[in-house]
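Note sheet for the following structure.
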Amino acid sequence: MYHSEEEFIKSYNEIALQADIRKATVSDTFNAKSKSGPNSTTVILIIEAMGYNVSEFANQYDLVTSSDVENFKIAAKK
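Everything in the sequence shown is counted per the numbering used here, starting at 1422 for the first residue and increasing by one.
Listed below in C-alpha coordinates is the structure:
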(Lines of atoms letter the chains of each structure in order from A and count residues from 1; the text may use other names and numbers.)
(Lines give C-alpha, C1' and ligand atoms only; values in the text may rest on other atoms or scores of the structure.)
Protein backbone atom coordinates (compact mmCIF):
# COMPACT_ATOMS: atom_id res chain seq x y z
CA MET A 1 0.00 0.00 0.00
CA TYR A 2 1.41 3.40 -1.01
CA HIS A 3 1.21 6.28 1.41
CA SER A 4 1.36 9.86 0.18
CA GLU A 5 3.67 12.38 1.81
CA GLU A 6 0.74 13.90 3.71
CA GLU A 7 -0.16 10.55 5.25
CA PHE A 8 3.20 10.02 6.89
CA ILE A 9 3.40 10.83 10.56
CA LYS A 10 6.65 12.77 10.88
CA SER A 11 7.25 13.85 14.45
CA TYR A 12 8.06 11.68 17.43
CA ASN A 13 5.19 13.29 19.29
CA GLU A 14 2.64 12.43 16.61
CA ILE A 15 3.93 8.85 16.44
CA ALA A 16 3.77 8.58 20.23
CA LEU A 17 0.21 9.90 20.32
CA GLN A 18 -0.88 7.58 17.51
CA ALA A 19 0.82 4.53 19.10
CA ASP A 20 -0.24 5.46 22.65
CA ILE A 21 3.34 5.25 23.93
CA ARG A 22 5.66 7.80 25.52
CA LYS A 23 7.43 10.28 23.24
CA ALA A 24 10.69 9.35 24.99
CA THR A 25 10.13 5.72 23.98
CA VAL A 26 9.76 6.74 20.34
CA SER A 27 12.84 8.94 20.55
CA ASP A 28 14.91 6.26 22.26
CA THR A 29 13.83 3.71 19.65
CA PHE A 30 14.70 5.91 16.67
CA ASN A 31 17.99 6.97 18.25
CA ALA A 32 19.00 3.49 19.46
CA LYS A 33 19.37 4.68 23.05
CA SER A 34 18.23 1.50 24.72
CA LYS A 35 21.01 -0.93 25.65
CA SER A 36 18.76 -3.93 25.10
CA GLY A 37 16.96 -2.44 22.10
CA PRO A 38 13.22 -1.86 21.80
CA ASN A 39 10.84 -4.73 22.35
CA SER A 40 8.93 -6.08 19.36
CA THR A 41 5.63 -4.64 20.59
CA THR A 42 7.12 -1.14 20.61
CA VAL A 43 8.50 -1.57 17.10
CA ILE A 44 5.14 -2.82 15.80
CA LEU A 45 3.27 0.05 17.46
CA ILE A 46 5.66 2.58 15.88
CA ILE A 47 5.44 0.97 12.44
CA GLU A 48 1.65 0.99 12.59
CA ALA A 49 1.59 4.59 13.86
CA MET A 50 3.60 5.55 10.77
CA GLY A 51 0.83 4.10 8.62
CA TYR A 52 2.32 0.74 7.69
CA ASN A 53 1.71 -2.84 8.63
CA VAL A 54 4.82 -4.93 9.30
CA SER A 55 4.83 -6.46 5.83
CA GLU A 56 4.58 -3.05 4.12
CA PHE A 57 7.35 -1.68 6.32
CA ALA A 58 9.57 -4.66 5.51
CA ASN A 59 9.03 -4.06 1.79
CA GLN A 60 10.04 -0.41 2.19
CA TYR A 61 13.03 -1.39 4.33
CA ASP A 62 14.22 -3.78 1.62
CA LEU A 63 14.32 -0.85 -0.82
CA VAL A 64 16.82 1.11 1.29
CA THR A 65 20.32 0.96 -0.18
CA SER A 66 23.72 1.44 1.43
CA SER A 67 23.95 4.69 -0.50
CA ASP A 68 20.66 5.85 1.04
CA VAL A 69 22.04 5.14 4.52
CA GLU A 70 25.27 7.03 3.82
CA ASN A 71 23.37 10.01 2.41
CA PHE A 72 21.15 10.02 5.50
CA LYS A 73 24.18 10.00 7.81
CA ILE A 74 25.71 12.92 5.93
CA ALA A 75 22.47 14.91 6.05
CA ALA A 76 21.99 14.14 9.76
CA LYS A 77 25.37 15.68 10.60
CA LYS A 78 24.37 19.04 9.08
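Note that beta-carbon positions come from the ideal geometry of N, C-alpha and C, so glycine has one too.
Alpha carbons only, please: which of the options is nearest the one belonging to residue i?
{"i": "ASP1441", "options": "ASN1480, ILE1467, SER1457", "result": "ILE1467"}
Around the C-beta of residue i, are 16 or more other C-beta atoms found within 10 angstroms, so that it is buried, or is it exposed?
{"i": "VAL1447", "result": "buried"}
{"i": "ILE1436", "result": "buried"}
If you follow the alpha helix (DSSP H) that residue i is in, where does it begin and where does it stop?
{"i": "TYR1433", "result": "1433 to 1440"}
{"i": "SER1455", "result": "Element bounds for SER1455: n/a, residue is neither H nor E."}
{"i": "LEU1466", "result": "1461 to 1470"}
{"i": "SER1492", "result": "According to the sequence provided, residue 1492 is Asn. The question's Ser does not apply to it. Run containing ASN1492: 1487 to 1498, per the alpha helix (DSSP H) assignment."}
{"i": "TYR1473", "result": "Neither: TYR1473 is in no alpha helix (DSSP H) and is coded neither H nor E."}
Since residue i and residue j should fall inside the 8 Å C-beta cutoff, what is the C-beta to C-beta distance between them, to a whole number of angstroms?
{"i": "LYS1444", "j": "ASN1460", "result": "No, LYS1444 and ASN1460 are not in contact; Cβ-Cβ is about 17 Å, not under 8 Å."}
{"i": "THR1450", "j": "THR1462", "result": "Incorrect: roughly 11 Å between the Cβ atoms, too far for contact."}
{"i": "ALA1479", "j": "GLN1439", "result": "Not really, about 20 Å apart at Cβ, beyond 8 Å."}
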